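Numbering (the numbering used here), first residue to last: 675 to 943.
Glycine is no exception: its CB is placed at the ideal position from the N, C-alpha and C atoms.
Fair warning: this is a prediction, and the values are worked out from it, not measured in the lab.
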Amino acid sequence: MAYQQIKFKINEGIAVITLNRPEALNTFTGIMGEEWSDAYARCDRDDDVKVIVVTGMGKAFCAGADMSAGASTFDKQEGVSFTSSPILPAWQVRKPVIGALNGHAVGVGFGLALQCDFRIVAKEAKYGLLQVRRGMLADACSHWLLPRMVGLEKALDLLLTGRRMLGEEVYQMGLASRCVQADEVLPAAMAMAQDMVTNCSPLVMGLAKKLVWDGASMSIEQMQEEETRYMHYTLGKPDAIEGGLSYAERRTPRWSSAISKDWPSGDEE
675 MAYQQIKFKI NEGIAVITLN RPEALNTFTG IMGEEWSDAY ARCDRDDDVK
725 VIVVTGMGKA FCAGADMSAG ASTFDKQEGV SFTSSPILPA WQVRKPVIGA
775 LNGHAVGVGF GLALQCDFRI VAKEAKYGLL QVRRGMLADA CSHWLLPRMV
825 GLEKALDLLL TGRRMLGEEV YQMGLASRCV QADEVLPAAM AMAQDMVTNC
875 SPLVMGLAKK LVWDGASMSI EQMQEEETRY MHYTLGKPDA IEGGLSYAER
925 RTPRWSSAIS KDWPSGDEE
């Protein structure tokens, strides 16, 4: 796919997806959604990609839906293809996804950021799920994600009021791993991604991510069973051997696992 509304590059194991409508504050469109989904799927397949960073061009991450259509922006949608999650959910990608929220992220922009595994936010930017103030429900599975991330009352606070928050409150609420100045967001995300590429097994990161996201629908007994199964699967694998050897030799590990060839059979997304 030739991308029009995003930019995509891979360098040293890190894929960077950049929302690229800066003149419109990277407001979300159908084309952007198709391209974003394609980029996620591409990253999932490509063993050169170990970690993914998603950010925005210009002053915003994604300032909600493109509302240039005015009154018809939220027209009734017909057909079975319509879904509240307008892109391939980040939790279905078997690589860590870091949201580098360099600027404002509201509405669907914030909802899609919540699907990432990590978020780094800008102190001076505004964030929130404003849809209730537009006569719409929040999307991107926000009603499932938020109660699990911050608890019921805080989730209701955000979903029922549609209020905006600055980055510091997002961080204090537990919805971001770091809060820095806007111009430090992407460098912080890249440093985090590079550390993971260097020091963490690609296969183990993927399996750990799957366990965490799948765990929301598991009992503790089911989790113990799955965790044990994956532990047996990884024991004795080249990365497990390399992890111990590199530690003993006090050197950087040389990981050889790849999601495409080493993922447990039958566990494909």
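Where residue 933 sits in the DSSP three-state scheme: Here residue 933 refers to the residue found at position 259 when the sequence shown is read from its first residue. Assigned with DSSP and collapsed to three states, residue 933 falls in helix.
Helix, strand or coil at residue 734 according to DSSP, with G and I counted as helix: Taking the first residue of the sequence shown as position 1, residue 734 is located at position 60. When DSSP states are grouped into helix, strand and coil, residue 734 belongs to the strand group.
Near the ligand GTP: residue 868 beta-carbon under 7 Å from a heavy atom: Ligands in the displayed structure: none, and consequently the ligand GTP is not present.
C-alpha distance - residue 893 paired with residue 825, whole-angstrom precision: By 1-based counting over the sequence shown, the position of residue 893 is 219. By 1-based counting over the sequence shown, the position of residue 825 is 151. Residue 893 and residue 825: Cα-Cα distance of roughly 19 Å.
Through-space distance from residue 798 to residue 746, alpha-carbon basis: If you number the sequence shown from 1, residue 746 lands on position 72. If you number the sequence shown from 1, residue 798 lands on position 124. Because residue 746 carries a pLDDT of 45, less than 50, the predicted location of this residue cannot be relied on, and the following value inherits that uncertainty. Between the alpha carbons of residue 746 and residue 798 lies a gap of roughly 32 Å.
Residue 783 beta carbon less than 8 Å from that of residue 848: Reading the sequence shown from its first residue, position 174 is the one you call residue 848. Reading the sequence shown from its first residue, position 109 is the one you call residue 783. With respect to residue 783, residue 848 sits apart: the two C-beta atoms are not nearer than 8 Å.
Where residue 761 falls: helix, strand or coil (DSSP): Along the sequence shown, read from residue 1 onward, the residue named residue 761 stands at position 87. The three-state reading of DSSP puts residue 761 in coil, since its state is none of H, G, I, E or B.
CB of residue 801 within 8 Å of CB of residue 764, strictly: For the purposes of this step, residue 801 is taken as the residue at position 127 of the sequence shown. For the purposes of this step, residue 764 is taken as the residue at position 90 of the sequence shown. Not a contact, by the Cβ cut-off of 8 Å.
Distance, residue 875 Cα to residue 930 Cα: To locate residue 930, count along the sequence shown from 1; it is residue 256. To locate residue 875, count along the sequence shown from 1; it is residue 201. Rounded to whole angstroms, residue 930 to residue 875 spans 8 Å at the Cα level.
Cβ neighbours of residue 920 in the same chain (closer than 8 Å, five flanking residues each side left out): Position 246 of the sequence shown, counted from the start, is the residue given in the question as residue 920. Counting only Cβ-Cβ distances below 8 Å, and skipping sequence neighbours, we find 926, 927, 928.
Nearest candidate by alpha-carbon position, reference residue 907, set 877, 684, 759, 832: The residue you call residue 907 lines up with position 233 of the sequence shown. That would be 877, whose Cα lies nearest to the Cα of residue 907.
Three CB pairs or more closer than 8 Å across the region 803-812 and the region 725-734: No, they do not touch.
Local conformation of residue 951 per DSSP, three classes: Since the first residue of the chain shown is 675 and the last is 943, residue 951 is not available in this structure.
Limits of the unbroken beta strand (DSSP E) element including residue 853: By one-based count along the sequence shown, residue 853 stands at place 179. In the DSSP assignment, residue 853 falls within the unbroken beta strand (DSSP E) covering 852-854.
Rounded separation between residue 881 and residue 913 - CA only: Taking the first residue of the sequence shown as 1, we reach residue 881 at position 207. Taking the first residue of the sequence shown as 1, we reach residue 913 at position 239. The alpha-carbon separation between residue 881 and residue 913 amounts to approximately 13 Å.
Local Cβ density within 10 Å of residue 781, reported as buried at 16 or more and exposed below that: Taking the first residue of the sequence shown as 1, we reach residue 781 at position 107. In the assembly as shown, residue 781 is a buried residue. Its beta-carbon has 16 or more other beta-carbons within 10 Å.
The region 715-723 touching the region 686-706, judged by at least three CB pairs closer than 8 Å: Segments in contact, yes.
Candidates 841, 806, 770, 702: closest to residue 789 by CA position: Here residue 789 refers to the residue found at position 115 of the sequence shown. Residue 770 is the option with its Cα nearest to residue 789.
Beta-carbon proximity list for residue 850, same chain, < 6 Å, skipping 5 on both sides: In the sequence shown, counting from the first residue as 1, residue 850 sits at position 176. Closer than 6 Å at Cβ, skipping near neighbours: 793, 795, 844.
Alpha helix (DSSP H) segment containing residue 828, residue limits: Counting from one through the sequence shown, the residue named residue 828 turns up at place 154. Its alpha helix (DSSP H) spans residues 826-835.
Residue from 832, 932, 865 with nearest C-alpha to residue 774: Along the sequence shown, read from residue 1 onward, the residue named residue 774 stands at position 100. Nearest of 832, 932, 865 to residue 774, Cα basis: 865.
CA-to-CA distance, residue 932 to residue 853, given in whole angstroms: Position 179 of the sequence shown holds residue 853. Position 258 of the sequence shown holds residue 932. If I take the Cα positions, the gap works out to 32 Å.
Residues of its chain near residue 712, where Cβ-Cβ distance is below 7 Å and the 5 sequence neighbours each way are ignored: Taking the first residue of the sequence shown as position 1, residue 712 is located at position 38. The residues are 675.
Residues of its chain near residue 699, where Cβ-Cβ distance is below 6 Å and the 5 sequence neighbours each way are ignored: Residue numbering aside, residue 699 sits at position 25 when the sequence shown is read from its first letter. Within the same chain, residue 699 has close Cβ partners 734, 737.
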